[in-house]
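For the sequence shown, position 36 (counting from the first letter as 1) is numbered 234 according to the numbering used here, and the numbering increases by one without interruption.
A quick write-up on the structure given underneath.
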Amino acid sequence: KAGAPRPDISTVEGFKRAILNAKSIGHSNAGTGPYNTRLFQKLGIYDQIKDKIKIVTGKPVAVAVAEGEVEIGIQQTNVIQPVAGTTYLGALPPELIEYGHFGVAVRNVSKNETVARDLIKFMTSPEAAALLRKSAMEPPAR
């Protein structure tokens, strides 16, 4: 929440400490939710924190943080950053990050093949890369 103390999550130990010290932890049931559960288990802290976890539904996790429902929320960066009333603590330590990957294809029976290929070409362009980064997303690798 904006104005709250900022725990250092830049290292694995710092992240663990922040999660263990949090009064409550919010995450979604989809997307990052299953990842967070696996992460907490991998770090050996799930049993210690499972009663502090709140599954947030119907709104972004950062909104639950801003409204005071949870102290710390974990969700994709591009979903957290635009929410007023929160403070973005930063990305997880590199060794804990799990990226979501998307693929793209054009059906061979597409009636709009040229338009679809133009969209793919744009989405992999330097112009799109700048827009994606501005939205806290990584551009596609080629």
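We treat Cβ as the ideally placed atom computed from N, Cα and C, and that holds for glycine.
As the structure is a prediction and not an experimental result, all values here were calculated from the model.
Secondary structure of G231, DSSP reduced to three states: In the sequence shown, the residue the question calls residue 231 occupies position 33. Look at G231 here: in three-state DSSP terms it is helix.
Could you spell out the range, first to last residue, of the alpha helix (DSSP H) harbouring G212? On the sequence shown, residue 212 is found 14 positions in, with the first residue counted as 1. From DSSP, the alpha helix (DSSP H) with G212 extends over 210-219.
Touch test, the region 218-233 against the region 283-290, Cβ-Cβ under 8 Å, three pairs minimum: No, the region 218-233 does not touch the region 283-290.
Restricting to Cα atoms, I'd like to know which of L317, P291, L218, A264 is closest to I251. The residue you call residue 251 lines up with position 53 of the sequence shown. It is L218 whose Cα lies nearest to the Cα of I251.
Short of 6 Å in beta carbon distance, which residues of its chain neighbour N234, apart from the five on each side in sequence? Order them along the chain. By one-based count along the sequence shown, residue 234 stands at place 36. The residues are H225, I272.
Exposed or buried, which one is F213 when buried takes at least 16 other CB atoms within 10 Å? As a position in the sequence shown, residue 213 is number 15, starting the count at 1. It is buried - the Cβ of F213 has at least 16 other Cβ atoms within 10 Å.
Sufficient close CB pairs (3 or more, under 8 Å) joining the region 294-311 to the region 242-257: Inter-segment contact for the region 294-311 and the region 242-257 is absent: fewer than three beta-carbon pairs are separated by less than 8 Å.
Comparing C-alpha positions only, which one of A303, N310, P280 sits nearest to K332? The residue labelled residue 332 in the question sits at position 134 within the sequence shown. Each of A303, N310, P280 was checked against the Cα of K332, and the nearest Cα belongs to P280.
Here's the rule I'm using: 16 or more other beta-carbon atoms within 10 Å means buried, otherwise exposed. How should P258 be labelled? Position 60 of the sequence shown, counted from the first residue, corresponds to residue 258. Sixteen is the threshold: when 16 or more other Cβ atoms of the shown chains lie within 10 Å of the Cβ of P258, as they do, the residue is buried.
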